[in-house]
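Everything below concerns the one structure shown next.
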Amino acid sequence: MNIIATGSLPSELVDAIRCGAVRLTRPNSNVIIFHDECSHFEWCCKLSVGDGEQVSYYHQRSGERGSARVPRIMLVNRLASTAKNDLHPVFSCKVPVTDLAAEDIVSRHRDVAMKVAHFLAPGPRDDREIFKNFTSTNTDALNLVLSAITTKNHRGQRELQIAGYELVDIESFGTRAIMQQVANSALPKIKENKALLDRFVLYADRDVMLAVCTRGIMAGLGNTKRPRGNDNDDGVGDDDYDDVMNSGEEAKRQKSLEPKINSVENVRLFTTIHQSDIRWSEGDLTRELWEMSPEAEEALAQLQSAAKKLHFSDSCLKPMPISNQAQLEVARTQYALLRTEYQVVHDRLRRLEEVSDKARDWCQEQGIRFTENLRMELKSWFEKQEEPKQRMLAALDTLHRELYGLKRNIEDYVNLREWGVLS
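Mapping of the sequence shown onto this note's numbering: position 281 corresponds to residue 302, and the numbering continues sequentially without gaps.
See the structure below:
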């Protein structure tokens, strides 16, 4: 490392240096010029004359230490600028023009992309933070990667897109709190990508997981109740059915504003749900009632029994749930069983949600043509789903909680064994 001067620099120049876009020239022994190639500022530093002074230095990245006799920076002037706003430094260069697709950019600069993805996974960051954290990274490569795997939110901060989350190894984060933060941030953005969702969902907060993975299921198709006028129903309704039929009522009101059809022969009436192109059987939870497998039930009972004994133990120092290889194998078997059940329940609830969404669209488009028999059939269909749906939601919640606890206990044992604490 070659030390040429000592002294203080303006914060704007320090930020530009950290962004990695500054070039240094020394026209003579008394002057140093920093050229900021992003904002086009030039900083002229005048040095002291004479033999200089003895200073000690330490390089933060390499760890190199030493001492040298160098001149001191006495005066710093910004010579010229082509930027419109001289009060705020620019932290990023313009993204180079390229015909590369996002996949090609990630493939070409994979190391940079993975570091950026890991940095942004816990939450959005502004450009200042990003460029300060990647001072040693090539600026053009960094800008290309940012354009490929991130987007700017309404606050002007950068956050990961799906392409970015594909690079994130959630288990590489140091604490469970950060892993949960990463998962909570990711789930709303990756909810349409099943493979990614499976990777992140077990680490997410329960409420976030239920809101994303079962969106529209817990609340049916919405919270709006249909108007209770002079209709001759018995007051018993279902949230799912109410919202679907509200869609039909809205379609009817809109149609009433249009010219009325002169002939009833021109109107095709729908009399049964099977006249739609919706695959009702795929979302029908009553067609094949779900029951947890005996093996998974036994594993769940064992885990709950062990947790209860641990909770009521009189010992001040609670024993570890897993303390040897045999217990580790049992825990892994239990995890596999419960994970299979979780996936079955999750998939069936998702299919019900998809059918409900299609039913709502059908009501919005054709609700004016529904007969009373069809309305009653729709109401009956959704009412039948309610009991198994609530039972499966409760099971999903329990399975999620137990899977998270199992994974935590397995990781604790494996980590302690790797560190030599356990044999």
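All C-beta atoms in this analysis are idealised placements derived from N, C-alpha and C, irrespective of residue type, glycine included.
When beta bridges are read from the DSSP output, ALA89 appears opposite VAL76. LEU68 has its alpha-carbon roughly 8 Å from the corresponding atom of ALA26. Annotated three-state conformation of TRP64 is strand, per DSSP. In the DSSP secondary-structure assignment, LYS173 is bridged to ARG179. Here PHE291 is actually not in contact with ARG149; their C-beta atoms are around 58 Å apart, not less than 8 Å.
For the pair LYS410 and ARG146, the Cα-to-Cα distance works out to about 39 Å.
If you draw a straight line from the Cα of GLU192 to the Cα of ASP132, it is about 18 Å long. VAL376 places its beta carbon less than 8 Å from that of GLY304. LEU181 and ALA138 have their C-alpha atoms roughly 7 Å apart. Put simply, of PRO92, ILE53, SER77 and TRP311 the residue whose alpha carbon is nearest the alpha carbon of ARG86 is SER77. Nearest to ARG412 by C-alpha distance, out of GLU312, PRO143 and GLY195, is GLU312. Taking a contact to require three or more Cβ pairs closer than 8 Å, the stretch 340-360 and the stretch 315-324 qualify as touching. Cα atoms of GLU398 and LEU208: separation of roughly 35 Å, rounded to the nearest angstrom. Between LEU370 and GLU423, the C-beta gap is not smaller than 8 Å, which leaves the two residues out of contact. ARG197 and TYR224 have their alpha carbons spaced roughly 8 Å apart. Shown here, PRO209 sits in a helix according to DSSP, grouped into three states.
Going by beta carbons, GLU362 and LEU420 fall inside the 8 Å limit. The residue among ASN98, ARG93, PRO48 and ILE53 with its C-alpha nearest the C-alpha of GLU33 is ASN98.
Boundaries cannot be given for ARG308, as no alpha helix (DSSP H) includes it and DSSP labels it neither H nor E. In the three-state scheme derived from DSSP, where H, G and I count as helix and E and B as strand, THR354 is classed as helix. Annotation for ILE53: the continuous beta strand (DSSP E) segment containing it runs 52-57.
If the five residues before and after ASP57 are omitted, its C-beta is found closer than 6 Å to the C-beta atoms of ALA37 and VAL43, all from its own chain and listed in chain order. Within the model, the alpha-carbon separation for ARG438 versus GLN346 is close to 10 Å. Rounded to whole angstroms, the separation of the alpha carbons of MET95 and ILE24 is 16 Å.
As the crow flies, the alpha-carbon of ASP418 is around 7 Å from that of ARG227.
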